[in-house]
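Residue numbers (the numbering used here), protein chains in the order written: chain A, 11 to 254; chain B, 21 to 242; chain C, 332 to 598; chain D, 39 to 82. Every residue gets a Cβ at the ideal spot worked out from N, C-alpha and C, and that includes glycine. Since this is a predicted model, take the numbers as computed values, not measurements.
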Amino acid sequence: MEPVVHLRSAVSLLGRFPALAGVDLDVMAGEIVLLQGPNGAGKTTLLRTLAGLVPVVSGTAVVLGVDLCRDRRSLRPRVGLLGHATMLYDELTVADNVRFWARAARSSRADAEAAMGALGLDGRLQDVVVAKLSTGQRRRASIAVMVARRPELWLLDEPHAGLDGEARDVVDGLVRHAASSGATVVVASHELDRARHLAGRTVTIVGGVIAGSGAAPDVAVAAEPSTLPMADESTAKTEVHHVP
Amino acid sequence: MFRDALLVAGKDLRIELRSRIGINQILPFALLVLLLFAFALDPDSGVLDRATPGLFWLAVLFSALLAIQRAFAIEAADGNRDGLRLSGLDPAGIYLGKMAAIFTQLAVLELVLGVGVLVLYSAHVTGWVLMIATCVAATAGIAAAGTLYGVVAAGLRVRETLLPLLLLPVLSPVLIGSVRAFEAARNGNPGEGWPWVGLLTVFAVAYTIFGAFGFGPLLEES
Amino acid sequence: MTSVPTATAPSAPDTAPTATGRIGTGSRGTRILGLVALVGIAVATYLALVSSPPDENMGDSVRIIYIHVPIVVVAYVGCLITTLGSVMVLWKKSVWWDVTAAASAEIAMVTTALTLVIGMAWARPTWGVWWVWDARLTSTAMLLLLLLGYLAVRRIPAETSTRSRRAAIVGVLLLPNVIVVNRSVTWWRSLHQDTTILNTLQPKIHDQMAFALYFAIPVALVMFAWLLVHRWRLAWMEQQLEDRELDQAISDRRAEAASGRAEDGPR
Amino acid sequence: MNDWGYVALAWGVTAAVLVAYALWVILRGRAMSRRLPPEDRRWM
């Protein structure tokens with residue numbers, strides 16, 4: 011089967027800084043992959059590259075069958091990115107925001123309502139302007155936008171940050187549900203305990219290259235970075251675990 | 021494309037209605053400019069009366085700069101530019117939508133300014149048809165060029181200074197054309213004004229077409 | 332995606348390349364071109380300032396025309412090349428044309444500014460004022476502003492392909508904007524008065540004067556070509572240096588990953 | 039100022055600006071070429 015994400019020596023720039031300095035990565039359909047690594051390792055840029063936001067300047071990059079070196083536009087509507095920014099309009103209400111982005115992605119109004127319901131944003135909260143929401147509520151609205159767009163590939167950058175325990179469980183539930191219904195998920199997280207329960211496989215990125223990959227419980231996560239396995243083709247490809 | 025344009029225009033106008041930046045800040049600014057012109061040019065000497073069409077359009081042009089900055093400031097907030105790029109909206113649709121929203125705001129602004137000019141400068145008006153046609157064509161041109169250069173400058177640290185430098189020279193034909201057409205209408209020979217409306221229309225159409233193609237590549241750059 | 336060369340080939344050891352061979356932007360071709368330009372300029376100056384007679388109406392101030400017109404031609408050709416280069420960047424994603432457009436726009440900016448100064452120096456003795464709201468003068472002033480805007484866009488720091496595409500869209504509009512501005516200003520002024528340089532110059536142009544003028548134009552174009560080649564090579568080297576620094580940054584980052592120490596750099 | 043004064047002004051300014059610009063290009067080109075190996079300067 012063709013992988014959903016297929017990167018070979020992919021280089022991406024942030025301005026003139028090579029945030030990705032040659033990444034090799036394969037992710038199969040239905041997988042949930044945990045992306046970990048120190049600050050500045052390139053996690054966020056990798057997710058933004060996979061979303062088709064950051065150009066790949068050299069190497070191979072195919073996501074959902076789209077060659078990112080040729081065409082990034084047709085990929086983007088099929089991808090959901092939950093980043094540090096909420097991508098919400100402060101002046102609009104929660105419902106306005108979710109409906110606007112859902113309609114832009116050609117999802118139905120029912121998708122928008124269902125997404126708001128799933129994140130507890132129905133009722134009184136949906137008519138509140140985003141500027142007046144708390145950080146956690148904004149975060150939930152942002153997740154609702156992503157769910158409402160019904161993406162095939164979920165890219166989550168620190169999805170648990172700023173959420174309380176209950177909301178974290180909701181997010182985990184949504185991710186599992188998405189993966190079981192065929193979507194693919196890549197999660198970058200510092201909250202390794204929680205994320206490892208979720209993920210079937212862990213990929214470590216250091217200094218803009220993949221430094222190791224393995225089944226979630228096997229990787230020496232909190233160890234000294236110098237003990238991490240070196241990047242090479244064999245480790246990047248091995249141990250693909252599917253989540254039921 | 022037009023579906024996307026409607027969606028974006030609706031969103032932008034809804035934000036303007038909610039935030040009231042246009043009504044609370046840009047409109048007062050335009051009226052302030054009218055007052056300042058009156059201070060600078062002695063109202064009793066007749067200079068103000070003769071200069072009225074030019075002053076009206078200068079006020080519109082300066083306010084348009086603010087409206088265009090504002091239209092892209094709402095996208096600059098919290099990663100919304102990324103949101104637009106990820107959204108799957110057709111870039112030409114986004115361009116037309118933002119242009120339509122700016123057009124609508126400027127049209128309202130011109131209406132209020134027009135009333136302000138009538139009252140404050142006690143101008144008398146003839147040639148309504150020509151004036152309205154001029155307003156529509158000129159505003160479309162300002163919105164079309166403004167949206168295009170607005171996205172060039174958007175997201176840059178130097179945007180506040182770059183946008184006027186890029187946009188105002190480009191809009192100088194619009195200023196000339198609309199002022200001459202207004203003068204022709206006021207002087208009671210609309211025949212002299214219609215060729216200017218033609219020029220304004222050509223400008224607006226050309227910029228709209230080019231903008232619809234050029235917006236996509238420009239939106240890509242962050 | 333266009334300009335960055337194969338980043339997978341790290342140019343590790345030659346971080347401080349010491350240039351061998353000759354230094355500078357010159358070559359055999361440019362030296363010949365430069366020589367031709369210098370000789371041409373000397374002859375054109377002699378024709379314009381010494382051998383040609385003063386004009387019946389304008390007197391000696393006609394000698395300003397012999398430098399004014401060639402400089403204007405250079406400015407217009409520069410704008411033309413900038414717009415052409417911008418079209419090619421958008422069409423073929425060509426780096427070569429991007430550098431050409433940039434180099435040519437800068438020369439056009441310099442010559443347009445000169446055009447205005449020379450024009451004013453001619454207007455003062457001829458019309459008695461430094462500036463008139465003549466269609467040509469006004470639209471040339473707008474041209475200078477448009478060029479300044481284009482160069483300002485070019486100076487914004489960005490990744491190479493980003494910058495070239497952004498500049499190209501502004502550059503494509505350069506020539507159409509000049510034409511529209513010129514037409515509208517001409518149309519505007521034609522309602523009021525009718526003084527243009529050509530009308531003042533038309534009556535009885537002396538053979539020797541015509542020759543001084545027509546000789547100076549190709550000379551100016553040769554000089555433009557010489558400047559353009561040198562400016563082009565300078566811009567090309569600046570771009571090469573940026574690419575080189577990028578290759579270096581990529582191999583640095585790889586080395587950082589290999590040694591397992593990831594510092595908190597920009598994300 | 040007579041006509042020749044304006045002629046001198048026009049020619050003088052033009053010559054000065056063009057020489058200054060050409061010098062800037064040449065000198066910057068020389069400085070830049072020291073930092074690049076010859077294979078990036080194929081006109082040599």
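Any idea if residue i is buried or exposed, counting beta-carbon neighbours within 10 angstroms, 16 or more meaning buried?
i: Q147 (chain A); result: buried
i: V132 (chain B); result: exposed
i: W62 (chain D); result: exposed
i: F110 (chain A); result: buried
i: S582 (chain C); result: buried
i: Y44 (chain D); result: buried
i: F235 (chain B); result: buried
i: L366 (chain C); result: exposed
i: A60 (chain B); result: exposed
i: S392 (chain C); result: buried
i: R486 (chain C); result: exposed
i: N388 (chain C); result: exposed
i: V381 (chain C); result: exposed
For residue i, go through chain C and note every residue whose CB falls closer than 8 Å to its CB, in chain order.
i: F223 (chain B); result: V511
i: P189 (chain B); result: M473, L476, L477, G480, N508, V512
So, for residue i: in the same chain, excluding its five sequence neighbours on each side, which residues have a beta-carbon less than 8 Å away from its beta-carbon?
i: L86 (chain B); result: Q45, I46, F49
i: A193 (chain A); result: G40, P161, E162, L163, W164
i: E490 (chain C); result: none
Going by Cα to Cα distance, which pick from the options is closest to residue i?
i: S84 (chain A); options: B:L75, B:F202, B:S107; result: B:S107
i: T159 (chain B); options: B:V190, B:T146, B:A84, B:A232; result: B:A84
i: L445 (chain C); options: C:A472, C:A580, C:D538; result: C:A472
i: Y169 (chain B); options: B:V135, B:L150, B:P189; result: B:P189
i: A60 (chain D); options: C:R584, C:F555, C:D574, C:R575; result: C:F555
i: G208 (chain B); options: B:G147, B:L116, B:A93, B:V171; result: B:G147
i: P184 (chain B); options: B:D64, B:L81, B:W216; result: B:L81
i: E203 (chain B); options: B:V194, B:G213, B:L195; result: B:G213
i: D574 (chain C); options: A:N49, A:S68, A:D34; result: A:S68
Taking Cβ-Cβ distances shorter than 8 Å, what residues in chain A pair up with residue i?
i: L577 (chain C); result: L23, R26, P28
i: L238 (chain B); result: Neighbours of L238 (chain B) on chain A: none; closest Cβ ~14 Å, over 8 Å.
i: R585 (chain C); result: A31, G32, G217, G218, V219
For residue i, which residues of its own chain have a beta-carbon under 7 Å away from its beta-carbon, when the five flanking residues on both sides are left out?
i: A434 (chain C); result: L559, R562, W563, A566
i: G166 (chain B); result: A84, I88, I122, L187
i: S515 (chain C); result: none
i: G30 (chain B); result: none
i: A232 (chain B); result: A112, Y115, L116
Could you list which residues in chain B have their beta carbon closer than 9 Å to that of residue i, in chain order?
i: A120 (chain A); result: Chain B residues near A120 (chain A): none, gap ~18 Å exceeds 9 Å.
i: G75 (chain A); result: Result: empty, since nearest Cβ-Cβ is about 16 Å, beyond 9 Å.
i: W461 (chain C); result: By Cβ distance, chain B contributes nothing, its closest Cβ being about 21 Å from W461 (chain C), past 9 Å.
i: R467 (chain C); result: Correct list: empty, because the minimum Cβ distance to chain B is about 15 Å.
Which bits of chain A does residue i rub up against, with CB to CB less than 7 Å?
i: N100 (chain B); result: M97, Y99
i: E490 (chain C); result: L23, G25, R26
i: K31 (chain B); result: F110
i: G117 (chain B); result: Residues of chain A passing the Cβ test: none, with the nearest at roughly 11 Å.
List the residues of chain B whose Cβ lies closer than 8 Å to the Cβ of residue i, in chain order.
i: V484 (chain C); result: V172, L182, L186
i: L91 (chain A); result: D102, L106
Using C-beta distances below 6 Å, list every residue in its chain close to residue i, excluding the 5 sequence neighbours before and after it, in chain order.
i: W428 (chain C); result: G416, M419, V420
i: G42 (chain B); result: E36, Q125
i: V231 (chain A); result: A caution first: V231 (chain A) carries a pLDDT of 42, below 50, which makes its placement in the model unreliable, though a value can still be read off. Answer for V231 (chain A): L202, listed in chain order.
i: V155 (chain A); result: V108, W111
i: G172 (chain A); result: T145, G146, R149
i: G459 (chain C); result: none
Note down, in chain order, every chain D residue with its Cβ under 8 Å from the Cβ of residue i.
i: L445 (chain C); result: V51, T52, V55, L56
i: S392 (chain C); result: D41, Y44, V45
Which residues in chain D sit within 7 Å of residue i, going by Cβ to Cβ distance?
i: A452 (chain C); result: Y44, L47, A48
Going along chain A, which residues have a C-beta under 9 Å from residue i?
i: A25 (chain B); result: Within 9 Å Cβ-Cβ: nothing; A25 (chain B) doesn't reach chain A, min ~12 Å.
Going by DSSP, name the residue or residues bridged to residue i.
i: S68 (chain A); result: A:V21
i: P28 (chain A); result: A:L23
i: M196 (chain A); result: One point to set straight first is that residue 196 (chain A) is Val, not Met, in the sequence displayed. Its beta-bridge partners are A:V43, A:L165.
i: I215 (chain A); result: A:I220
Which residues in chain C sit within 7 Å of residue i, going by Cβ to Cβ distance?
i: G319 (chain B); result: Because chain B spans 21 through 242 in this model, residue 319 (chain B) falls outside it and cannot be assessed.
i: R200 (chain B); result: W519
i: G197 (chain B); result: S515
i: P73 (chain B); result: Within 7 Å Cβ-Cβ: nothing; P73 (chain B) doesn't reach chain C, min ~13 Å.
Kindly examine the ligand ZN and report whether one of its heavy atoms sits closer than 6 Å to the Cβ of residue i.
i: L78 (chain B); result: You won't find the ligand ZN in this model; it holds no ligand whatsoever.
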